[in-house]
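Asker: Take this structure, written in structure tokens, and hold onto it; I'll ask about it next.
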Amino acid sequence: MLKLSLPLRLQLSLVIVVGAALLKYHAWYCLGVYAAIALLWAWLLRVSIRHLGGLLGTELIFLSLLALPLGWERASFLLLRSLVCLVTMNSFLLTLPPHSFGIALKGLPVPAPLKENLLLAGQYMEILLSEVMRMQRSAQLRGLNGTTGWLRYASAAMIGALYLRSLDRAERVYGAMVARGYNGQLPIDSPLRPKERFAVLLACAIAATVTLTSYKI
Numbered sequence: 073m074l075k076l077s078l079p080l081r082l083q084l085s086l087v088i089v090v091g092a093a094l095l096k097y098h099a100w101y102c103l104g105v106y107a108a109i110a111l112l113w114a115w116l117l118r119v120s121i122r123h124l125g126g127l128l129g130t131e132l133i134f135l136s137l138l139a140l141p142l143g144w145e146r147a148s149f150l151l152l153r154s155l156v157c158l159v160t161m162n163s164f165l166l167t168l169p170p171h172s173f174g175i176a177l178k179g180l181p182v183p184a185p186l187k188e189n190l191l192l193a194g195q196y197m198e199i200l201l202s203e204v205m206r207m208q209r210s211a212q213l214r215g216l217n218g219t220t221g222w223l224r225y226a227s228a229a230m231i232g233a234l235y236l237r238s239l240d241r242a243e244r245v246y247g248a249m250v251a252r253g254y255n256g257q258l259p260i261d262s263p264l265r266p267k268e269r270f271a272v273l274l275a276c277a278i279a280a281t282v283t284l285t286s287y288k289i
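Here the working numbering = 1-based position in the sequence shown + 72.
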């Protein structure tokens, strides 16, 4: 795995996601640039392809239900753009050490209340990832091996069960945090070093160039 600090990895991931999300519709060449960057990012972080593919398959089921009513041409661009964002953020989350999202979050230049909301959302995402992996193992033990078996297993009933299990665990985790004195403040300080700030600024410049180019094509 690439030796980068957690705040730097989070900020670089967000730069890629925000830049891709702001692309103009049908700017396929610029989307291809972001797709190459996302794949390079996943390779640098040494993410597990098996875990990444399983997670992307589940997420794309939800996205396809929302995008397909918009029309095939518009939906295809939206799905591919969403796939780039998901590859980037899932690569970050799947290589994140347990319970370290708060450390990465501390370095973001955003107000404290927003950091608290992001921290709780990140905690929930970690719980959701854990539950997805547990359900995948459960499906394999029941003989549903391979991608096709997992897609059959991810029916509406199982998606609902996943949501309820994740929500229950999230409530228990938050209750445990409050019982241990959590008041919304992150006690860990992790500012970026000068070289890391330069890397973030360089990534912002590249993302801004690609995104603005999409509006001129």
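Note that the Cβ used here is the ideal one computed from N, Cα and C, for glycine as well.
In chain order, which alpha helix (DSSP H) runs of at least 4 residues are fully inside the stretch 113-171?
Answerer: You should have 121-139 and 144-166.
Asker: Leaving aside the five residues before and after Thr-160 along the sequence, list all residues of the same chain whose C-beta is less than 7 Å from its C-beta, in chain order.
Answerer: In the sequence shown, residue 160 corresponds to position 88, counting from 1. So the list reads Ser-85, Ile-88, Val-89, Ala-110 and Trp-113, once near-sequence residues are dropped.
Asker: Using C-beta distances below 6 Å, list every residue in its chain close to Val-272, excluding the 5 sequence neighbours before and after it, in chain order.
Answerer: Within the sequence shown, residue 272 is the residue found at index 200, counting from 1. The residues are Gln-83.
Asker: Alpha helix (DSSP H) containing Ser-85: first to last residue?
Answerer: Sequence index remark: in the sequence shown, residue 85 carries index 13 (1-based). Its alpha helix (DSSP H) spans residues 78-93.
Asker: Tell whether a beta-carbon distance below 8 Å holds between Leu-78 and Ser-120.
Answerer: Here residue 78 corresponds to residue number 6 of the sequence shown, with the count starting at 1. Here residue 120 corresponds to residue number 48 of the sequence shown, with the count starting at 1. It is not a contact, given that the beta carbons lie outside the stated cut-off.
Asker: Taking only the alpha-carbon atoms, compute the straight-line gap between Ala-92 and Leu-186 and give it to the nearest angstrom.
Answerer: The residue labelled residue 92 in the question sits at position 20 within the sequence shown. The residue labelled residue 186 in the question sits at position 114 within the sequence shown. Answer to the nearest angstrom: the Cα atoms are 22 Å apart.
Asker: State the Cα-Cα distance for the pair Leu-94 and Leu-80, rounded to the nearest angstrom.
Answerer: Reading the sequence shown from its first residue, position 22 is the one you call residue 94. Reading the sequence shown from its first residue, position 8 is the one you call residue 80. The straight-line gap from Cα to Cα measures roughly 21 Å.
Asker: When you compare the CB positions of Phe-149 and Tyr-101, do they come within less than 8 Å of one another, or not?
Answerer: The residue given as residue 149 occupies position 77 in the sequence shown. The residue given as residue 101 occupies position 29 in the sequence shown. Not in contact: Phe-149 and Tyr-101 (Cβ atoms no closer than 8 Å).
Asker: Between Pro-181, Ala-107 and Pro-169, which has its C-alpha nearest Ser-202's C-alpha?
Answerer: Residue numbering aside, residue 202 sits at position 130 when the sequence shown is read from its first letter. The shortest Cα separation from Ser-202 among Pro-181, Ala-107 and Pro-169 belongs to Pro-169.
Asker: According to DSSP, is Gly-253 helix, strand or coil?
Answerer: For the purposes of this step, residue 253 is identified with residue 181 of the sequence shown, where counting begins at 1. It is coil, neither helix nor strand.
Asker: Taking 8 Å as the threshold (C-beta atoms), are Leu-152 and Leu-135 in contact?
Answerer: Against the sequence shown, residue 135 aligns to sequence position 63. Against the sequence shown, residue 152 aligns to sequence position 80. In this structure, Leu-152 does not lie closer than 8 Å to Leu-135 by Cβ.
Asker: Take Asn-162 and list the residues in its own chain whose beta-carbon comes closer than 7 Å to its own, dropping the five residues that flank it on each side.
Answerer: Counting from 1 along the sequence shown, the entry for residue 162 is found at position 90. Only Leu-124, Leu-127 and Leu-128 meet the Cβ criterion.
Asker: Please confirm whether Val-182 and Ala-107 have their CB atoms less than 8 Å apart.
Answerer: For this step, residue 182 is matched to residue 110 along the sequence shown. For this step, residue 107 is matched to residue 35 along the sequence shown. Contact: no.
Asker: Taking the straight line between their C-alpha atoms, what separation do you get for Gln-212 and Arg-206?
Answerer: One-based indexing of the sequence shown puts residue 212 at position 140. One-based indexing of the sequence shown puts residue 206 at position 134. So the alpha carbons of these two residues sit roughly 10 Å apart.
Asker: To the nearest angstrom, how far is the alpha carbon of Leu-76 from that of Leu-117?
Answerer: Here the question's residue 76 lines up with position 4 in the sequence shown. Here the question's residue 117 lines up with position 45 in the sequence shown. One C-alpha to the other measures close to 9 Å.
Asker: Between Val-204 and the rest of its own chain, which residues show a CB-CB distance below 8 Å, the 5 nearest in sequence each way excluded?
Answerer: As a working note, residue 204 is residue 132 in the sequence shown. So the list reads Gly-126, Leu-127, Thr-130 and Leu-234, once near-sequence residues are dropped.
Asker: Assign Tyr-101 to one of three DSSP states: helix, strand, or coil.
Answerer: What you label residue 101 is simply residue 29 of the sequence shown in a count that begins at 1. DSSP places Tyr-101 in helix when its eight states are reduced to three.
Asker: Specify, as a first and last residue, the run of the alpha helix (DSSP H) that Pro-266 falls within.
Answerer: Along the sequence shown, read from residue 1 onward, the residue named residue 266 stands at position 194. Segment 266-286, the alpha helix (DSSP H) holding Pro-266.
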